[in-house]
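When we follow my numbering, the leftmost residue of the sequence shown carries the number 214, and every step to the right adds one.
Ideal Cβ placement from N, Cα and C applies to all residues, glycine included.
Just so you know, these numbers come straight off a predicted model, no measurement behind them.
Structure, as structure tokens:
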Amino acid sequence: MMVKTKVHGSLTGNMGFKMVLNGHTLITDASEEIGGNNLGPPPKQLLLAGLIGCTGIDVMSILKKMKVDIEDCNIEVEANNTQEHPKVYENIHLTYRFKGKDLPLEKIEKAVALSQDKYCGVSAMLKKATPVTYEIVINQ
């Protein structure tokens, strides 16, 4: 049986939309320069935030199962926009930064690869439109 996801948005301000997702309120909007009220982030950036959240949950879950003790993890994503409309991301690059003592690089690489190649649905969808690359940085 297929599981449906449904989100409803209602206009708030000039161009903003308020959405409720599983009880969490989220507002997207345009900048004031183009007529919005800057009430929230622009919608396209939420794709990148969703990517970080999706792969981050995967990686931390996998590392926990591998019994790898991570002190801290930060994920940064950079994407280049095309110049012409519709302005889309023409590539996406993730940088995973891990902190901890004696972290096993091979386990971290495996966890990130499993997320990117098998589990992260956001990454899988984005890869249908543009290249998604990544790198891993480990700090003691």
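Asked                                                                                                                   : Found
Cβ-based burial, residue 218 [other Cβ within 10 Å; buried from 16]                                                     : exposed
Short Cβ contact (8 Å threshold) for residue 314 with residue 353                                                       : yes
Close-in-space but distant-in-sequence residues of the same chain around residue 317 (CB under 7 Å, 5 per side omitted) : 281
Where residue 333 falls: helix, strand or coil (DSSP)                                                                   : coil
Same chain, Cβ closer than 8 Å to residue 322, five either side skipped, listed in chain order                          : 349
Separation of residue 310 from residue 302, as counted between CA atoms                                                 : 23 Å
Residue(s) in a DSSP beta bridge with residue 292                                                                       : 305
Under the three-state DSSP convention, the category residue 282 falls into                                              : coil
Stretch-stretch touch, CB-based, cutoff 8 Å, three pairs: the stretch 324-344 with the stretch 258-274                  : yes
Expected contact under 8 Å - CB spacing of residue 304 and residue 344 to nearest Å                                     : 5 Å
Paired residues, beta bridge with residue 238 - DSSP                                                                    : 233
Per DSSP, the bridge partner or partners of residue 224                                                                 : 230
Three-state class that DSSP yields for residue 245 in the structure shown                                               : helix
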